[in-house]
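Visitor:
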Amino acid sequence: MKKISSTFFCFLLLALPSLLQAGEIEVPADYKSIQKAIDAAKAHDVIVVSHGVYHERIRLKPHVHLRSKGSDDLGGKGFKRAEATILDGGGKVEDVAGVIMAEGSILDGFTITAMGVFDEALWQKHWDEKGMHQSHDDIGHFGAPGISVSGVNCTVVHNIVHHNGHTGIAIQGEDAKECSPRIFNNVSYRNMGGGIGSMKGSTAIISGNTCFENFYAGIGHNNASPLVTENDCFNNVRAGIGISNGASPIVRKNRCHGNRRAGIGIRTGAGTRPVVEENDCYENEMAGIGCTEKSAPVLRGNRCDRNKLAGIGCSDHATPVVEGNHCSENGAAGIGSESASPTIVRNRLEANKTAGIGISQQSKAYIADNKCLENKLVAIGVRDGSEVVIKENVLVRTGGMPPIVAILDGSQAIAIDNQIKGGGVAGVLLQGNLIAARNRLEGQNGGSGISIGKGSHATLKNNDISGYRNAINDQRE
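For what it's worth, this note's numbering labels the leading residue of the sequence shown as 20, then goes sequentially.
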């Protein structure tokens, strides 16, 4: 038998008085309404609620545990006991949340619905428009959510939150108060805000939730820094996970798919600095992961496949670090940059419909140690006066007419120690400025190793070029 540690023994001594004093209250056996049971409860009491529909909004007391009656057998969307124990707000417009959490309280296994008006026609309109005309002012607005967590530490677990007039589960910090609730294994769908919203400095743990078909993001962050792990976010009107306005969450091992915009969308200012790693973002209507508006995320080890646009897209002066991601079979580039300054290192980009890496609109990019394999057009394309450093990449495409690397529209590139292999009109097509040293170019009996267009400038040193009809085709004169 293992010995009980002194730390655990001390914990038992401290907890024992509370455990001994804890009572159990039943609804409706002891009290007809849930709120009356809460009002009568003491700290650490457990209130067990029988199946039924309860037409009330409730406010929990500190350290009270509210639980639906029954086992943890699964039903259609969640636990059967949650599906059968319903708080119904009647669809009335009220400036009060369905459930207001308190410090140390637990909400376990309820359906919260019709707290406010769910507007089916408005939801459908914005679904059809991919959320393109939604007001940003309402994103991050706390409103009157299905479940309210404001300035407290608590636990919200095994609930089903749907068809409410605002956010399903809303979390916000308050001045001089810690707000680190645990939001676990809930289902939040068809709410007129986000499925789960974290705002105003909250540091929640948001894990194992399923969020779908919400009016905004499945899980949204506005100036908050929660830990967001192993959630499933799909078919939301905006992103699966949205991050904005100075939010810096850790977003890890989530699944974001089939959303009307990006799988994970990041925006609004250089203070928006999340770490986004090991997520699966696939079959979204825009990018797998999109960052814009000067945001500065770290995007690491994500898998972005079969999205309508880029696997990872950067725009509008974003400065992401894009490291170790796998992007395949996307409708545009594996990684795309428009008017941004990404650092792109150690990614694997294959079978995308345009470029492996596409750099445009005066972007400035550092591109190193990537593998761009069998992308339909170019491995790396640089356009619109952009500036890039291309170093130690493996760039391969079998067959096809486009070049492997294209430097166009007066763009500037420094290319060092790359392996360039494949067919097409050229290994490198230059219509701009290029410094190239120690690159190895292997052709497939066609085109030129390096094709230099009129008006271009090239400094070439110690490049190994083989397998092309012409090693260098210089049209500058």
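Ideal placement from N, C-alpha and C gives every residue a C-beta, glycine not left out.
In this text the structure is predicted, and so the values were computed from the model without any measurement.
For residue 478, count the other beta carbons within 10 Å of its own beta carbon; 16 or more makes it buried, fewer makes it exposed. Which is it?
Guide: Along the sequence shown, one-based indexing puts residue 478 at 459. Result: exposed.
Visitor: Suppose you measure from the CA of residue 323 to the CA of residue 461; what does that come to, to the nearest Å?
Guide: Working through the sequence shown from its first residue, we reach residue 323 at position 304. Working through the sequence shown from its first residue, we reach residue 461 at position 442. Distance between the alpha carbons of residue 323 and residue 461 is about 29 Å.
Visitor: Return the Cβ separation of residue 295 and residue 318 in integer angstroms, given the expectation that the two are a contact with Cβ distance under 8 Å.
Guide: On the sequence shown, position 276 is the one that residue 295 refers to. On the sequence shown, position 299 is the one that residue 318 refers to. Going by Cβ atoms, the distance from residue 295 to residue 318 rounds to 5 Å, so yes, they are a contact pair.
Visitor: Between the region 178-192 and the region 145-155, can you find at least three pairs of beta-carbon atoms closer than 8 Å?
Guide: Judged by Cβ distances under 8 Å, the region 145-155 makes no contact with the region 178-192, as fewer than three pairs qualify.
Visitor: Cutting at 6 Å between CB atoms, please list the residues of its own chain near residue 373, excluding the five before and the five after it.
Guide: Reading the sequence shown from its first residue, position 354 is the one you call residue 373. Excluding positions up to five away in sequence, the list reads 351, 352, 396.
Visitor: With C-beta atoms as the reference, is residue 269 less than 8 Å away from residue 240?
Guide: Locating residue 269 in the sequence shown gives position 250, where the first residue counts as 1. Locating residue 240 in the sequence shown gives position 221, where the first residue counts as 1. Not closer than 8 Å, so no.
Visitor: Specify the secondary structure class of residue 58 as computed by DSSP and reduced to three states.
Guide: Residue mapping note: residue 58 aligns to position 39 of the sequence shown, counting from 1. Reduced to three states, the DSSP call for residue 58 is helix.
Visitor: Give the straight-line distance between the Cα atoms of residue 254 and residue 493, rounded to the nearest whole angstrom.
Guide: If you number the sequence shown from 1, residue 254 lands on position 235. If you number the sequence shown from 1, residue 493 lands on position 474. The alpha-carbon atoms of residue 254 and residue 493 are separated by roughly 51 Å.
Visitor: Could you work out which residue in 401, 347, 229 is closest to residue 95 when comparing CA atoms only?
Guide: The count along the sequence shown starts at 1 and reaches residue 95 at position 76. Measuring from the Cα of residue 95, the nearest candidate turns out to be 229.
Visitor: Nearest CA to the CA of residue 235: which residue from 369, 184, 312?
Guide: Taking the first residue of the sequence shown as 1, we reach residue 235 at position 216. Among 369, 184, 312, the Cα nearest to that of residue 235 is on 184.
Visitor: Do you know offhand how far residue 486's Cα is from residue 411's?
Guide: Indexing the sequence shown from 1 puts residue 486 at position 467. Indexing the sequence shown from 1 puts residue 411 at position 392. For residue 486 and residue 411, the distance between alpha carbons rounds to 20 Å.
Visitor: Within 10 angstroms of the Cβ of residue 417, are there 16 or more other Cβ atoms? Answer buried if so, exposed if not.
Guide: Stepping through the sequence shown from its first residue, residue 417 is reached at position 398. By the neighbour-count rule (16 or more Cβ atoms within 10 Å), residue 417 is not buried but exposed.
Visitor: Under three-state DSSP, which class holds residue 434?
Guide: Translated into the one-based positions of the sequence shown, residue 434 becomes position 415. Here residue 434 sits in strand by DSSP.
Visitor: Which runs of the beta strand (DSSP E), 3 residues or longer, sit entirely within the region 392-438?
Guide: Taking only runs of at least 3 residues, the beta strand (DSSP E) segments lying wholly in the region 392-438 are 399-401, 406-410, 413-416, 424-426, 431-435.
Visitor: Would you call residue 464 buried or exposed, if buried means 16 or more other Cβ atoms sit within 10 Å of its Cβ?
Guide: If you number the sequence shown from 1, residue 464 lands on position 445. Burial call: exposed.
Visitor: Check this for me: beta carbons of residue 275 and residue 233, under 8 Å apart or not?
Guide: If you number the sequence shown from 1, residue 275 lands on position 256. If you number the sequence shown from 1, residue 233 lands on position 214. No.
Visitor: Helix, strand or coil, according to DSSP, for residue 304 in the structure here?
Guide: Taking the sequence shown and counting its residues from 1, one reaches residue 304 at position 285. Note: residue 304 maps to coil in three-state DSSP.
Visitor: Assess, as a yes-or-no matter, whether the region 119-126 is touched by the region 71-81 under the definition of 3 or more beta carbon pairs within less than 8 Å.
Guide: Flag = yes, the region 71-81 and the region 119-126 touch.
Visitor: Using a Cβ-Cβ cut-off of 6 Å (strictly less than) and excluding sequence neighbours within five positions of residue 348, which residues of its own chain qualify?
Guide: Taking the sequence shown and counting its residues from 1, the one referred to as residue 348 is at position 329. The residues are 324, 325, 370.
Visitor: Please go through the same chain and pick out, in chain order, the residues whose beta-carbon is closer than 8 Å to the beta-carbon of residue 199, but skip the five residues on each side of it.
Guide: Working through the sequence shown from its first residue, we reach residue 199 at position 180. Answer for residue 199: 172, 221, 222, 223, 224, listed in chain order.
Visitor: Can you tell me whether residue 191 is buried or exposed, with buried defined as 16 or more other CB within 10 angstroms of its CB?
Guide: Position 172 of the sequence shown, counting from 1, holds the residue named residue 191. By the neighbour-count rule (16 or more Cβ atoms within 10 Å), residue 191 is buried.
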